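Going by my numbering, the sequence shown opens with residue 22, and the numbers climb by one from there. Structure record follows, encoded as structure tokens.
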Amino acid sequence: MEKITDWRQLWKELVAIKSASRSNGVSPAPRDPWNDRALAFKQGVLRRWQRPDSSRNFILSQLDADSTVLDIGAGTGSWAALLARRARRVTAVEPSPAMIAVLSASLEEEGIRNVSIVEGSWPEVYVEPHDFSLCSHAMYGAPDLEAFILRMIACTRRTCFLLLRAPSLDGIRAEAARHVWGQPLDSPNFTIAYNILIGMGIYANVLMEDTGLWKPRVSPSIEDAHRDLKRFLGLADSPEHDGYLLTLLRRRLRWRCGRYLWPPEVRSALVYWNVRDF
Ligand SMILES: C[S@@+](CC[C@H](N)C(=O)[O-])C[C@H]1O[C@@H](n2cnc3c(N)ncnc32)[C@H](O)[C@@H]1O
Numbered sequence: 022m023e024k025i026t027d028w029r030q031l032w033k034e035l036v037a038i039k040s041a042s043r044s045n046g047v048s049p050a051p052r053d054p055w056n057d058r059a060l061a062f063k064q065g066v067l068r069r070w071q072r073p074d075s076s077r078n079f080i081l082s083q084l085d086a087d088s089t090v091l092d093i094g095a096g097t098g099s100w101a102a103l104l105a106r107r108a109r110r111v112t113a114v115e116p117s118p119a120m121i122a123v124l125s126a127s128l129e130e131e132g133i134r135n136v137s138i139v140e141g142s143w144p145e146v147y148v149e150p151h152d153f154s155l156c157s158h159a160m161y162g163a164p165d166l167e168a169f170i171l172r173m174i175a176c177t178r179r180t181c182f183l184l185l186r187a188p189s190l191d192g193i194r195a196e197a198a199r200h201v202w203g204q205p206l207d208s209p210n211f212t213i214a215y216n217i218l219i220g221m222g223i224y225a226n227v228l229m230e231d232t233g234l235w236k237p238r239v240s241p242s243i244e245d246a247h248r249d250l251k252r253f254l255g256l257a258d259s260p261e262h263d264g265y266l267l268t269l270l271r272r273r274l275r276w277r278c279g280r281y282l283w284p285p286e287v288r289s290a291l292v293y294w295n296v297r298d299f
């Protein structure tokens, strides 16, 4: 019989691979990984948010005019601004100065005055308890997810919300992970986080976002896709799996309008629980 997976260890190992892959396989990772990307990130969220989605609708439906909300890893502040219009006060925790610069400018532009920005990393940073806490796609660099969640619970009076990537098991990255590592979970994600929560005795609710799979990745060439996939798997410096990965990409990428399209493979999962129930 198979052994039960050590989910905390698997999360930790995948965080380490992800963090090594950011260094591009050549030079050390830049100190602020968002330096040149913060504005583009904001524009990407604005584009996606032109369509309504069940995660935003559900979270907003839980708040009232007296609520306080903690937004962990607020990035360029799309969530903080959205929540601030419904709640009394929002605290936006964010470690990246580049993200904070865009976040402050956006709040200023929109005339939002009830968001306090705290520069720092979760779970180390100090904040007071809030009614609600949210972490949207900002936990993937934290090696100890249990410590991350325990600190979140300690700072939450009512409900914790996590938004996480939920990749399909038949995506290219999953297929590559299965070949290279013997299992298809290609990154710190929903499946692993949910099992860590169960290990903590938390049987959280899940709402799969109704917008379905994210727009597919695109690559200008097979060589670019190969470089990208190798970096993603932490294999930038190793030729060991090159033959397999190139064959996989040639089999699964589709040439459309002058570029290669990856099959769509990720959706968003909203995980939430009331801290008083556990
Ligand atoms: C993908 S962005 C998501 C931003 C925002 N939550 C959203 O959904 O639009 C991830 C953000 O989390 C921040 N982040 C990464 N690690 C963090 C940590 N340990 N504590 C707090 N924020 C973190 C990054 O600097 C970045 O701004």
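We put the CB at the ideal spot given by N, CA and C, even for glycine. None of these values were measured; they are calculated from a predicted model.
So, is residue i buried or exposed, given that buried needs 16 or more other C-beta atoms within 10 angstroms?
i	result
Met160	buried
Cys176	buried
Ser208	buried
Leu250	buried
Tyr281	buried
Ser242	exposed
Met22	exposed
Arg238	buried
Gly255	buried
Gly192	buried
Ala86	exposed
In terms of DSSP beta bridges, what is residue i paired with?
i	result
Tyr265	Per DSSP, none; premise fails for Tyr265.
Arg109	None; Arg109 has no bridge partner.
Val36	None, per the DSSP bridge assignment.
Could you check if residue i belongs to the surroundings of ligand 1, using beta carbon to heavy atom distance under 7 Å?
i	result
Val114	yes
Ser157	yes
Trp32	no
Val66	yes
Ser117	yes
Met173	no
Trp235	no
Ile219	no
Trp70	no
Ile93	yes
Ala61	no
Gly96	yes
Gly192	no
Ala37	no
Ala197	no
Fully enclosed by the stretch 53-100, which beta strand (DSSP E) runs are 3 residues long or longer?
Runs found: 89-93.
What alpha helix (DSSP H) runs, 4 residues minimum, are completely inside the stretch 194-282?
Here the runs fully enclosed are 211-220, 243-253, 263-273.
Can you confirm whether the stretch 73-81 touches the stretch 121-141 when touching is taken to mean that 3 or more C-beta pairs between the two stretches lie within less than 8 Å?
The stretch 121-141 is not in contact with the stretch 73-81.
Segment contact, 8 Å Cβ cut-off, at least three pairs: the stretch 168-188 with the stretch 199-215:
By the Cβ test, the stretch 168-188 is in contact with the stretch 199-215, since at least three Cβ pairs between them sit closer than 8 Å.
Please specify which runs of the alpha helix (DSSP H), each continuous and at least 4 residues long, are wholly inside the stretch 130-199, giving them in chain order.
Qualifying alpha helix (DSSP H) stretches, in chain order: 166-175.
Under 8 Å, with one C-beta from each stretch per pair, do the stretch 190-202 and the stretch 153-169 reach the 3-pair mark?
The stretch 190-202 makes no contact with the stretch 153-169: fewer than 3 CB pairs, one atom from each, lie closer than 8 Å.
Contact between the stretch 141-159 and the stretch 85-99 is defined here as three or more beta-carbon pairs at a separation below 8 Å; is this criterion met?
The stretch 141-159 is in contact with the stretch 85-99.
Would you check if the stretch 33-44 and the stretch 98-111 touch, i.e. whether three or more CB-CB distances between them fall below 8 Å?
No: fewer than three Cβ pairs fall under 8 Å.
Would you check if there are 3 or more beta carbon pairs closer than 8 Å linking the stretch 217-236 to the stretch 50-64?
At 8 Å Cβ cutoff, the stretches do not touch.
Could you check whether the stretch 147-159 touches the stretch 254-264, counting it as contact only if at least three pairs of C-beta atoms, one from each stretch, sit closer than 8 Å?
Verdict: no, contact absent.
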